[in-house]
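Since the structure comes first, as structure tokens, the remarks are kept for the end.
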Amino acid sequence: MVSACMLIRTEHGRFEDVVKAVSQLKGVKRAFPVLGRYDVVVDIEAADMKDLGLTVLRIGRLSGVVFTETLVEIET
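Laid out in structure tokens, this is it:
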């Protein structure tokens, strides 16, 4: 299991649309709007890195998404 946090910058005024669309995707545990440099934060769980990569690509192609940054959890 791979867990990650994705930070999304959206087109102006599109954060609600992006939260709604992202929330429907497989592997997305929650998505919520935030204030600051990014507009949306997404918690993702995937079976493996390949599955995570596919989810990241799907999110990046959504209408209204301008930029993403994905932070992958590491075990300590």
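Per this note's numbering, the very first residue in the sequence shown carries number 1249; after that it's consecutive. We put the CB at the ideal spot given by N, CA and C, even for glycine. Quick caveat, the model's predicted, so the values are computed rather than measured.
Since residue i is in the beta strand (DSSP E), which residue starts that stretch and which ends it?
i     : result
D1291 : 1288-1294
T1316 : 1313-1320
T1258 : 1250-1258
K1277 : 1276-1281
Assuming residue i is part of the alpha helix (DSSP H), what are its boundary residues?
i     : result
K1268 : 1263-1271
R1306 : 1297-1308
Apart from the five residues just before and just after residue i, which ones in its own chain have a Cβ nearer than 8 Å to its Cβ?
i     : result
T1303 : L1273, K1274, G1275, V1276, I1292, A1294
L1310 : V1266, A1269, V1270
R1306 : L1273
Please return the same chain residues whose Cβ sits closer than 6 Å to the Cβ of residue i, not counting the five positions on each side in sequence.
i     : result
G1312 : T1258, E1259, R1262, D1265, V1266
Among residues of its own chain, excluding the 5 on either side of residue i, which ones have a beta-carbon nearer than 7 Å to its beta-carbon?
i     : result
V1314 : R1257, T1258, E1259
A1252 : I1292, L1300, T1318, L1319, V1320, E1321
Considering only their Cβ atoms, is the gap separating residue j from residue i smaller than 8 Å?
i     : j     : result
V1288 : P1281 : yes
V1250 : L1300 : yes
Decide if residue i is buried, meaning its Cβ has at least 16 other Cβ atoms within 10 Å, or exposed.
i     : result
M1297 : exposed
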